[in-house]
Amino acid sequence: MIKLKEGDVYEGQIQFSTNGNASLIIDETEIFIYKKNTLNSLHLDKVKIEIFKADKKLEGKVIEVISRFKTEFVGKVHLNKDLIFVIPDSNKMPVDFYIKGGSKAEHGQKVVVEMIGWEPGTKSPKAKIVKILGDAGDNNTEMNSIMYEYGLPVDFPKEVEEEANQIDFDISNEIGNRTDMRDVTTITIDPVDARDFDDALSIKILGDKVEIGVHIADVSHYVKVGTKLDDEALKRATSVYLVDRCVPMLPERLSNGVCSLRPNEDKLCFSVVLTLDMDGKVLDTWFGKTAIHSNRRFTYEEAQEIIEGKDGDFQDEIRLMNDLAKKIRKKRIGDGSIEMGGIEVRFKLADDNKKPIGVYFKEQKEANKLIEEFMLLGNKSVAKLLSDEGYTNVYRTHDTPNMDKLTGLVNVCTNFGYDIKIDDDASKLKKSLNQLLKDIKGKPEENMIETLVTRCMSKATYTIKNIGHYGLGFTHYSHFTSPIRRYPDLMTHRILLEYLKKQKQGNPVVIEDMAKHCSARELVAAKAQRDSIKYKQAEYLLDKIGKVYDGIVSGVTDWGIYVELIESKCEGMIKYSSFDTKFYADVNNYKAYNDFGEEIRLGDEIKVTVSSVDLERKQIDFTRF
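Under my numbering, residues 1 to 625 are what the sequence shown spells out, in order.
The structure is reproduced here in structure tokens:
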């Protein structure tokens, strides 16, 4: 670790907090930068800082902005007499933009601005309005604002759409080049609102063995390297799922049309065919290009009813696949896989204006787990094959958890009466975590503790350097099963085909750069999704000011405590300034306290009143009831 000293100069990416102060990480050490010392830098800009000593501790000051992270921002128009300002949506933007030259935008409208300069000594950077998004508070305006804020494309370029429209649906001439599996019983199981079906399962009984086909849409057959379609898919790297829409990686003609494994249609696939015994043990594996014919499309709910005993199409096949999946799952968890899952919160949206009118919870049931197990098995099988054969591959890796964060998790769990043991032995730690996740099932604190467990974990990434997947307990793991919505899966398809055809491998440096890009885009997509959820949470509580709810303390910061409502899982903040007595933060120990011995800890149940909602900032404020 670098030893920092006064007068040292370093470069790095500056990160602003909501109060206008900032920080920069130098070799895992965080250097604090007061707002007055940030020069004219903005969030995530590359800057040069100088270290100086203040009050016996080291601080930093920005001495140069090397490059801007971005120059386009989303905000709300504010007219002040003859002056036009745009107030950024992001709460990490410490300045407003001064609009030079006037604009047709009206007061209160959402716009996209392009920064054109920031003269030294001036309060606001200059900008011009490049796009009017619409009225603040309108659903389309707000969702588009999120997309522009994160640089997500609203539409496909014309030339990409043209390429997609030229793709032929007729596959009759291609079927003869593949293993024909159209006569094998094949089904899809997907969410009720799904439109792109990128995976299907086939089943064939072979005496005392079962052949399960994991069939994945053959996107690589249609999307060729060097085309505008492929360039755009790589640029996007992933489909992005906001609360009310999907921003797809591929144009609709491919994602919902030619590639989608729709029922009663012949389709092209890249398949992993597994031969299993009746205990779910893999006896043999085959990889190759196939043609399939899905006999039936099931929703998860329909498949679940059959699993639970209702008569229906292909009931014997579904129940057998479910029986095998349960055995595979039991062994996987026994081998060290952490059993995450739980409840997913969804909003009921009005048909006309997409306003949230209710909240419901989606639970992972056996039908979901059936699909999950065979997809995991397919992904694992492909990764192991390519690794064993020495091929450069894109792995989905997951490192060991942060032990310091695990200590904090133990403290929280102890408050709830849960016993969790931290152990350097990976298998013992995983066993303890799995027991915890089992114990919290159905409890009010389930969502909060599961979130904390997730935060303890390292972020999964894409790389050619295989370190295994800690959470799944796999030594080899890649993404292969969702090429319609994830570019790394498409890369894996191409690499597997290179192996099967004994073709020359691509440049490992190029593949690693593409993998890193996909990891970065995945993070952007996750942030955009979170922002859309935050907006809908704020919108949901907008007409509930003054109402009292039960909540659980879900976070402790230097400026307040976060509370998650039990009823809706909406999260807001109680600022310390709203308390009757002065509270102090002990962030490391996940608690706040006052001079009278009162403590508020992470995981504590608390009654709160909804005091205010800021839609533009996507912020909810509570007061303690």
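The beta carbon of each residue, even a glycine, is placed where N, CA and C say it ideally should be.
What is the residue span of the beta strand (DSSP E) that residue i lies within?
{"i": "Phe287", "result": "Val282 to His293"}
{"i": "Val509", "result": "Segment Pro508 to Leu541 is the alpha helix (DSSP H) holding Val509; no beta strand (DSSP E) there."}
{"i": "Val214", "result": "Lys209 to Ala217"}
{"i": "Thr275", "result": "Asp266 to Asp277"}
{"i": "Leu206", "result": "Asp199 to Leu206"}
{"i": "Arg396", "result": "Tyr395 to Thr397"}
DSSP state of residue i, grouped into three classes?
{"i": "Glu599", "result": "strand"}
{"i": "Ser458", "result": "coil"}
{"i": "Leu429", "result": "helix"}
{"i": "Lys126", "result": "strand"}
{"i": "Lys569", "result": "coil"}
{"i": "Met448", "result": "helix"}
{"i": "His221", "result": "helix"}
{"i": "Ile25", "result": "strand"}
{"i": "Val556", "result": "strand"}
{"i": "Val184", "result": "coil"}
{"i": "Ile606", "result": "strand"}
{"i": "Tyr241", "result": "strand"}
{"i": "Ala585", "result": "strand"}
{"i": "Thr492", "result": "helix"}
{"i": "Leu133", "result": "strand"}
{"i": "Glu389", "result": "coil"}
{"i": "Ser612", "result": "strand"}
{"i": "Ile620", "result": "strand"}
{"i": "Gly468", "result": "coil"}
{"i": "Asp550", "result": "strand"}
{"i": "Glu564", "result": "strand"}
{"i": "Val154", "result": "coil"}
{"i": "Asp580", "result": "coil"}
{"i": "Asp439", "result": "helix"}
{"i": "Lys3", "result": "coil"}
So, are the CB atoms of residue i and residue j less than 8 Å apart?
{"i": "Tyr300", "j": "Ala383", "result": "no"}
{"i": "Lys348", "j": "Ile357", "result": "yes"}
{"i": "Gly240", "j": "Asp230", "result": "A small correction: the amino acid at residue 240 is Val; Gly does not occupy that position in the sequence shown. Cβ atoms of Val240 and Asp230: not closer than 8 Å."}
{"i": "Leu433", "j": "Val453", "result": "yes"}
{"i": "Leu385", "j": "Phe287", "result": "yes"}
{"i": "Gly378", "j": "Leu324", "result": "no"}
{"i": "Ser202", "j": "Thr185", "result": "yes"}
{"i": "Ser568", "j": "Tyr540", "result": "yes"}
{"i": "Phe625", "j": "Met573", "result": "no"}
{"i": "Leu4", "j": "Leu39", "result": "no"}
{"i": "Ser145", "j": "Lys104", "result": "no"}
{"i": "Lys48", "j": "Val112", "result": "no"}
{"i": "Asn21", "j": "Ile2", "result": "no"}
{"i": "Leu602", "j": "Val563", "result": "no"}
{"i": "Leu250", "j": "Ala233", "result": "yes"}
{"i": "Thr285", "j": "Ser220", "result": "no"}
{"i": "Ser532", "j": "Val243", "result": "yes"}
{"i": "Leu615", "j": "Gly137", "result": "yes"}
{"i": "Arg297", "j": "Phe197", "result": "yes"}
Could you pull the start and end residues of the alpha helix (DSSP H) that residue i belongs to?
{"i": "Asn594", "result": "Here Asn594 belongs to no alpha helix (DSSP H); instead the beta strand (DSSP E) covers Lys591 to Asn594."}
{"i": "Lys405", "result": "Met403 to Asn415"}
{"i": "Met143", "result": "Asn139 to Glu149"}
{"i": "Ile116", "result": "That residue, Ile116, is in no alpha helix (DSSP H); its beta strand (DSSP E) goes Gln109 to Gly117."}
{"i": "Glu11", "result": "Not the alpha helix (DSSP H): Glu11 falls in the beta strand (DSSP E), residues Val9 to Gln13."}
{"i": "Arg236", "result": "Lys228 to Arg236"}
{"i": "Val160", "result": "Lys158 to Asn165"}
{"i": "Asn173", "result": "Ser172 to Ile175"}
Using a threshold of 7 Å, is the CB atom of residue i nearer than that to any non-hydrogen atom of the ligand FAD?
{"i": "Lys443", "result": "By its list of ligands, the structure shown contains no ligand whatsoever, and the ligand FAD lies outside what it can speak to."}
Shorter than 8 Å from the beta carbon of residue i to some beta carbon of chain B?
{"i": "Ser482", "result": "The question asks about chain B, but that chain is absent: this structure has only one protein chain."}
List, from N- to C-terminal side, the beta strand (DSSP E) runs of 3 residues or more that fit wholly inside the region 294-379.
296-299, 343-349 and 356-363
Ignoring anything shorter than 4 residues, give me the alpha helix (DSSP H) runs that lie fully in the region 31-101, in order along the chain.
none
For the 8 Å Cβ check, are there 3 or more pairs between the region 388-399 and the region 305-320?
no
Check whether the region 42-52 touches the region 74-82, counting contact only when three or more Cβ pairs, one atom from each stretch, lie closer than 8 Å.
no
Between the region 204-214 and the region 494-511, do at least 3 Cβ pairs fall closer than 8 Å?
no
Counting pairs of beta carbons, one from the region 517-527 and one from the region 415-427, are three or more of them closer than 8 Å?
no
Three CB pairs or more closer than 8 Å across the region 177-192 and the region 282-296
yes
Given 8 Å as the limit, is there contact between the region 125-145 and the region 59-69, that is, 3 or more CB pairs closer than that?
no
Three or more C-beta pairs under 8 Å: does that hold for the region 150-164 against the region 260-277?
no
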